[in-house]
Amino acid sequence: PRNTDSFDYARYHPINEIYSFQDMLVAENPNMVSKLVIGQSYEGRPLNVLKFSTGGTNRPAIWIDTGIHSREWVTQASGIWFAKKIVKDYGSDPALTAILDNMDIFLEIVTNPDGYYFTHTSNRMWRKTRKPNPGSSCIGVDPNRNWDAGFGGPGASSSPCSETYRGPRAHSEPEVKAIVDFVKSHGNIKAFISIHSYSQMLLYPYGYTTTPVKDQAELHQLAQKAISDLTSLYGTRYKYGSIINTIYQASGGTIDWTYNQGVKYSYTFELRDTGLYGFLLPANQIIPTAQETWLALMAIMDHTHKNPY
Amino acid sequence: KDTFEGHQVLRIVPKNDVQLSLIKELEKMIEFELDIWMGVTDAFSPVDIRVPSHTLHSFKSYLENFNINYSTMIENLQEMLDREQEEMDSAARVGQ
Chain A
104 PRNTDSFDYA
114 RYHPINEIYS
124 FQDMLVAENP
134 NMVSKLVIGQ
144 SYEGRPLNVL
154 KFSTGGTNRP
164 AIWIDTGIHS
174 REWVTQASGI
184 WFAKKIVKDY
194 GSDPALTAIL
204 DNMDIFLEIV
214 TNPDGYYFTH
224 TSNRMWRKTR
234 KPNPGSSCIG
244 VDPNRNWDAG
254 FGGPGASSSP
264 CSETYRGPRA
274 HSEPEVKAIV
284 DFVKSHGNIK
294 AFISIHSYSQ
304 MLLYPYGYTT
314 TPVKDQAELH
324 QLAQKAISDL
334 TSLYGTRYKY
344 GSIINTIYQA
354 SGGTIDWTYN
364 QGVKYSYTFE
374 LRDTGLYGFL
384 LPANQIIPTA
394 QETWLALMAI
404 MDHTHKNPY
Chain B
45 KDTFEGHQVL
55 RIVPKNDVQL
65 SLIKELEKMI
75 EFELDIWMGV
85 TDAFSPVDIR
95 VPSHTLHSFK
105 SYLENFNINY
115 STMIENLQEM
125 LDREQEEMDS
135 AARVGQ
């Protein structure tokens with residue numbers, strides 16, 4: 104495609120096409136979109152983050168990431184759609200316009216690029232990073248067990264051969280460390296939304312402990328609103344609640360860390376489906392998935408904008 | 045390139061807490077080489093597990109031994125992967 108209007112949002116794309124998409128979007132919208140490279144993956148790929156901003160300095164910001172588990176292809180595909188949606192709706196959707204007039208949005212579409220590349224070339228079912236583990240023939244770390252939040256506790260594996268291997272130490276993975284450094288140095292992230300698939304859930308902290316977060320009531324109410332908006336489009340049913348109560352105990356998870364850093368509106372999604380296809384969601388479901396998810400994202404972003412802290 | 049010929053994805057719905065803990069134990073049983081796609085939550089919530097073809101028979105026997113019901117969500121994973129690849133190839137051709 105020559106531009107982002109002719110880009111095919113209804114199919115899955117290899118990583119080079121996603122990189123091209125990002126560059127096209129920046130070139131077409133120089134006053135709103137820029138590309139930050141926040142680090143490098145283990146294999147040396149850039150960790151690109153799209154910044155959507157209408158000006159200002161270090162404005163309060165919303166972070167969205169997709170694809171930290173590389174095989175969850177509908178998430179990267181949805182991330183691409185969200186990027187275009189933000190550009191298209193600014194100036195016409197009053198809620199998004201108000202958000203972007205006061206806040207920045209950061210979007211990392213391919214959070215685990217080595218894993219994503221590997222799913223296209225060698226193993227479609229790959230989930231982890233691609234860093235070798237000394238002393239083991241098994242490769243990679245689960246980047247959603249590698250954060251410094253209950254790291255090493257139950258709900259993560261100490262075995263490098265496990266799909267939920269936590270890594271040798273917290274933030275050992277460059278893909279994770281880059282986000283950690285970015286969030287800390289930015290210092291003004293107000294919402295952090297990490298997107299996974301599948302099983303249709305919207306979750307808030309904690310995963311590593313049953314102790315409820317101090318903002319549980321507000322996070323729960325906002326999750327309810329977000330899911331009600333999501334379901335209104337196609338009737339897709341979602342569960343919502345804390346990670347430990349809704350899925351299972353998981354230590355070292357992304358949003359437990361962000362919440363403990365002071366990012367109150369920390370959420371993680373599990374997008375479609377409920378299990379007919381698993382990670383092989385047919386490409387014709389990408390756009391409906393992205394559309395319904397966008398409604399929930401808007402609910403969270405709008406609430407964040409209207410409830411400064 | 046890893047292929048998944050004959051791998052199945054089984055859906056297990058635990059009926060009670062006993063089955064729940066038995067299924068939880070599966071995650072530690074490395075001999076079956078399981079890939080848990082959707083993990084154990086609570087009774088009556090489905091658990092999806094990819095099982096390689098060479099451990100499929102013994103794994104199914106294990107489940108049957110404990111009276112744990114399962115259904116086959118994906119009959120042959122490689123067939124689905126091939127279909128996905130074909131779809132991507134044909135979409136790319138149309139795009140060109």
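So the protein lines, in turn, are chains A and B. Residue 255 in this note's numbering sits at position 152 of the first sequence, and the numbers go up by one each step. Residue 56 in this note's numbering sits at position 12 of the second sequence, and the numbers go up by one each step. Every residue gets a Cβ at the ideal spot worked out from N, C-alpha and C, and that includes glycine.
Boundaries around residue 373 of chain A are those of the beta strand (DSSP E), 368 to 374, since no alpha helix (DSSP H) includes it. Under the 8 Å Cβ criterion, the region 77 to 84 of chain B does not count as touching the region 109 to 116 of chain B, having fewer than three qualifying pairs.
Put simply, the backbone Cα of residue 104 of chain B is about 12 Å away from that of residue 53 of chain B. Sequence-distant partners of residue 360 of chain A (beyond 5 residues in either direction) whose C-beta falls short of 8 Å from its own C-beta, in its chain, are 250, 251, 252, 283. Residues of chain A whose Cβ lies closer than 7 Å to the Cβ of residue 84 of chain B are, in chain order, 351. In the DSSP assignment, residue 151 of chain A falls outside any alpha helix (DSSP H) and lies within the beta strand (DSSP E) extending over 149 to 155. A direct Cα-to-Cα measurement between residue 235 of chain A and residue 336 of chain A gives close to 43 Å. Counting C-beta pairs closer than 8 Å gives fewer than three between the region 164 to 183 of chain A and the region 134 to 148 of chain A, which falls short of the contact rule.
Contact check for residue 67 of chain B against residue 91 of chain B passes: the beta carbons are separated by less than 7 Å. DSSP, reduced to helix, strand and coil, places residue 132 of chain B within a helical segment of the structure shown. Counted as a single uninterrupted DSSP element, the stretch harbouring residue 62 of chain B is not any beta strand (DSSP E) but the alpha helix (DSSP H) occupying residues 61 to 70.
Contacts with chain B at 7 Å (Cβ-Cβ) do not include residue 297 of chain A. Distance between residue 293 of chain A and residue 155 of chain A, taken at the CA atoms: about 15 Å. For residue 278 of chain A, no chain B residue has a C-beta closer than 8 Å to its own C-beta; the minimum C-beta separation is roughly 21 Å. By the criterion of a C-beta distance shorter than 6 Å, residue 295 of chain A is surrounded in its chain by 166, 361, 366, 369, once the five residues flanking it on both sides are discounted. Boundaries of the alpha helix (DSSP H) harbouring residue 286 of chain A: 277 to 289, taken from the DSSP string. Under the Cβ criterion of 7 Å, residue 225 of chain A is counted among the residues facing chain B. Per DSSP, residue 181 of chain A is one residue of the alpha helix (DSSP H) stretching across 176 to 192.
The region 175 to 188 of chain A and the region 206 to 224 of chain A touch, with three or more beta-carbon pairs separated by less than 8 Å. In the three-state DSSP reduction, residue 211 of chain A falls in the strand class (E or B). Going by beta carbons, residue 399 of chain A and residue 322 of chain A fall outside the 7 Å limit. Within the same chain, Cβ atoms closer than 7 Å to the Cβ of residue 110 of chain A are found at 104, 124, the five residues on either side in sequence being excluded.
Taking 7 Å as the CB threshold, residue 125 of chain B lines the interface with chain A. The shortest CA-to-CA distance from residue 106 of chain B to any of B:70, B:65, B:58 is the one to B:70. Close to residue 131 of chain B, with beta-carbon spacing below 7 Å, are these residues of chain A in chain order: 386.
Counted as a single uninterrupted DSSP element, the beta strand (DSSP E) harbouring residue 114 of chain B occupies residues 114 to 118. Those residues of the region 346 to 371 of chain A placed with their C-beta closer than 8 Å to a C-beta in chain B are 349, 350, 351, ordered along the chain.
Within its own chain, the residues whose Cβ lies closer than 7 Å to the Cβ of residue 408 of chain A, once the five positions on either side in sequence are excluded, are 201, 202, 205, 206, listed in chain order. Taken through DSSP and simplified to helix, strand or coil, residue 116 of chain A comes out as coil. When secondary structure is reduced to three states using DSSP, residue 293 of chain A falls in the strand class. With its beta carbon less than 7 Å from one in chain B, residue 302 of chain A belongs to the interface.
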